[in-house]
Amino acid sequence: MYEGLTSVGAVRRLWSGETELYRQHLLRLDAESRRNRFGGAVSDEFIQRYAEPAALDGAVIYGFFVDGVLRGAAELRPLARAGEAEAALSVEREWQSRGVGTALLERVLLVARNRQIKHLHMICLAENRRVQQLARKFDAELTFQSGSVVADVIAARPTPVSLMRELVADSADLAIAMLDVPSQLAKRLDHTKRPPESPQPDHERLMLQSMATRRRFLKTTGAATLALASPHATGEAEAQTARLQTERVNLTINGRLYAIDLDPRTTVLDVLREHLALTGSKKGCDQGQCGACTVIVNGQRINSCLALAVMHDGDEITTIEGLADEGVLHPMQAAFVRHDGLQCGYCTPGQICSAVALLSEHRDGWPSYVTADVETAPALTNAEIAERMSGNICRCSAYPNIVAAIREVAEEDRR
Ligand code: FES
Ligand code: FES
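So the numbering used here is basically just the index in the sequence shown, starting at one, shifted up by 108.
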């Protein structure tokens, strides 16, 4: 979907000062797209008022730009109830059904997630199948309320990675916006002559009022949220980032104590690989999905790409380099070799660390998702091993041999 889109346009955030672009985009919507966007027929005057800079205060808007012209937009408005927000999409006719809505909604969901917004309401007309399908794609729950459909999208919890993704994307957006300025200035000159304002129909005045009362925007949601909500605050956040001091972090890694001065944003995985040259732990997805970075911290396995080192000050970490004992392989390492539990070997350090921790979890009686009776210690069947190792992905599909290796060590342990 994205490949085709990115070759013709770009999705980026609209910064304050760009509301005129939004207004012009909304004005270009044809009658049906306007109805779908606003839940009813609206005039140009309505849109002029709706997209006043003051009226958009508090909204986060992402746009789809083609040659500097805004062709689609997603607007996110936090609601008065904490953890809830409203989203609305608009795409100009010739850009509909081309993946623009998906691309915009994805960006909005990232922002919602990072602001700890759990419920994102998308209100659309019952006949607006396009938005309903889009909402379903994001696992929304659709309910019918007074002739409208409310799509309730549950956003995932923020993670350091999702926060970084938004920061990085916003920085890139700002740079692209700067590049767009000359073409926007030229186009704006065409729009400086506004048509004289005509009296607003009653139903539109009521729509504006009801929108305003529905949204009492969250004024403050913490410094980080503010920093992302306005360019001014972003500047402050950047200045703060520049002022960040390093933190002294004490880690015991494979039995050796390290005291390291670190940028507080450094992950455990980067400390291992980049600072200590312990490159056994691999970086696969860097998003907590593949398990290649698994290490054992205080006896429990974790995805080290998702853990900030400062959160583990004083902890004991075991990596693949620390499993062997003076040149003698750990029983799990030896079993992987015996059973040929690897092909390219990229996932193997994570698989082995995970398997070692799995056995101690099992010894301690921890149940898994497939354990039928959580009251009694489960036997370590192939199904139990597969479930407990499901966080470690092997792109070479060496799974049968991995399971056989783990099972053998588990059985030796029992004797
Ligand atoms: S690199 Fe950490 S889970 Fe993939
Ligand atoms: S052995 Fe190649 S990814 Fe697992």
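Even for Gly, the Cβ is constructed at its ideal location relative to N, Cα and C. Values in this document were obtained by computation on a predicted structure and should not be read as measured data.
Look up residue i in the DSSP assignment and say whether it is helix, strand or coil.
i, result
"ILE510", "helix"
"THR349", "At THR349 the pLDDT is 48, less than 50, meaning the model places this residue with poor confidence and gives no usable figure here."
"MET457", "What sits at residue 457 in the sequence shown is Pro, not Met. Three-state DSSP puts PRO457 in a helix."
"ILE231", "strand"
"THR354", "coil"
"ALA400", "coil"
"LEU122", "coil"
"LEU359", "strand"
"SER498", "coil"
"ARG515", "helix"
"ILE493", "helix"
"ARG522", "helix"
"SER141", "helix"
"LYS390", "coil"
Considering just the uninterrupted stretch of the beta strand (DSSP E) at residue i, what are its terminal residues?
i, result
"GLY524", "A question about residue 524 goes unanswered here, because the residues of the chain that appear run from 109 up to 523."
"GLU194", "192 to 199"
Beta carbon of residue i: closer than 7 Å to some heavy atom of ligand 1?
i, result
"GLN353", "no"
"ASP394", "yes"
"CYS398", "yes"
"ASN411", "yes"
"CYS401", "yes"
"LYS391", "yes"
Quick check: does the Cβ of residue i come within less than 7 Å of any heavy atom belonging to ligand 2?
i, result
"GLY499", "no"
"ARG503", "yes"
"THR479", "no"
"CYS461", "no"
"GLN441", "no"
"THR360", "no"
"GLY100", "Outside the shown range of the chain, which is 109 to 523, sits residue 100, and nothing can be said about it."
"CYS452", "yes"
"ALA506", "yes"
"THR456", "yes"
Let me make sure I understand the geometry here. Which of the options has the alpha-carbon closest to that of residue i?
i, options, result
"THR387", "GLU126, PRO508, ALA512, TYR454", "TYR454"
"PRO475", "ILE514, ALA485, PRO457", "ALA485"
"ASP165", "THR127, ALA193, HIS133, GLY191", "THR127"
"ASN411", "CYS461, LEU184, ASP448, ILE514", "CYS461"
"ALA463", "LEU380, PRO186, GLY407", "GLY407"
"ALA220", "LEU197, GLY191, VAL239", "GLY191"
"GLU520", "GLY117, GLN204, GLN241, PRO439", "PRO439"
"ALA506", "VAL445, LEU218, THR375, ARG373", "VAL445"
"ARG121", "GLU160, LEU212, GLU140", "LEU212"
"ASN144", "TRP123, GLN204, ASN500, ARG185", "GLN204"
"LEU466", "ARG185, ALA512, HIS420, ALA518", "ALA518"
"ILE361", "ARG373, THR427, VAL418", "THR427"
"ALA195", "VAL177, GLY180, GLY176, VAL216", "VAL216"
"SER151", "TRP123, HIS383, ALA162, LEU137", "LEU137"
"ASP371", "ALA417, ASP481, GLY473", "ALA417"
"LYS245", "GLY207, GLY176, ARG409, GLN224", "GLY207"
"GLU200", "GLN241, ARG131, LEU437", "ARG131"
Considering residue i, what are the terminal residues of the alpha helix (DSSP H) in which it resides?
i, result
"LEU135", "127 to 136"
"GLN241", "237 to 245"
**Item:** Secondary structure, alpha helix (DSSP H): runs of 4+ residues fully inside the segment 143 to 202
**Value:** Listed in chain order, the complete alpha helix (DSSP H) runs (minimum 4 residues) inside the segment 143 to 202 are 152 to 158.
**Request:** Output the residue ranges of the alpha helix (DSSP H) runs that lie fully inside the segment 434 to 490 and measure 4 residues or longer, sorted by chain position.
**Result:** If we require 4 residues or more, the alpha helix (DSSP H) runs fully inside the segment 434 to 490 come out as 439 to 446, 456 to 471.
**Asked** In chain order, which beta strand (DSSP E) runs of at least 3 residues are fully inside the segment 362 to 386?
**Response** The segment 362 to 386 is shown to contain whole beta strand (DSSP E) runs of 3 or more residues at 364 to 370, in chain order.
**Prompt:** Of all the beta strand (DSSP E) runs that stay within the bounds of the segment 403 to 432, which reach a length of 3 or more residues?
**Reply:** 408 to 411, 424 to 426
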